[in-house]
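Take a look at the structure below.
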Amino acid sequence: MAEKLNAKNLGLAGGTLWGVTIFATTLVSLGTGLGNQFLLTYGSLHPGYSISVVGSVVGLAYGFICGFVGLYVLAWLYNWFERTRR
Numbered sequence: 364m365a366e367k368l369n370a371k372n373l374g375l376a377g378g379t380l381w382g383v384t385i386f387a388t389t390l391v392s393l394g395t396g397l398g399n400q401f402l403l404t405y406g407s408l409h410p411g412y413s414i415s416v417v418g419s420v421v422g423l424a425y426g427f428i429c430g431f432v433g434l435y436v437l438a439w440l441y442n443w444f445e446r447t448r449r
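Each residue of the sequence shown is one higher than the one before, counting from 364 in my numbering.
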């Protein structure tokens with residue numbers, strides 16, 4: 364029997380990872396230009412985000428929310444499929 368996934372903890376881990384990734388990528392892009400195309404696309408999906416210091420904080424918040432929701436739903440679906448499989 365498979366373990367049940369803790370949706371909240373998986374969401375927190377994913378949100379933290381994705382938020383920090385967007386934050387760091389934005390700061391690296393400011394200094395080097397690397398990742399500009401990715402971040403421009405990201406910004407087109409997230410109002411208020413820009414490649415700037417303030418944008419890195421906005422991206423951190425958006426990244427956390429998107430990562431949390433995405434992995435929370437993934438864990439919830441996994442647990443639901445495990446329950447219905449029996």
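Backbone N, C-alpha and C define an ideal beta-carbon position, used for all residues, glycine too.
Check: For L406, the three-state DSSP class (helix, strand or coil); Outcome: Per the sequence presented here, residue 406 reads as Gly, with Leu not at that position. DSSP places G406 in helix when its eight states are reduced to three.
Check: Where L380 falls, given that 16 or more other Cβ within 10 Å makes a residue buried; Outcome: exposed
Check: As assigned by DSSP and simplified to three states, the class of G426; Outcome: helix
Check: Given H409 as reference, the closest of G398, F401 and G422 once Cα atoms are compared; Outcome: G422
Check: N- and C-terminal bounds of the alpha helix (DSSP H) containing S392; Outcome: A370 to T395
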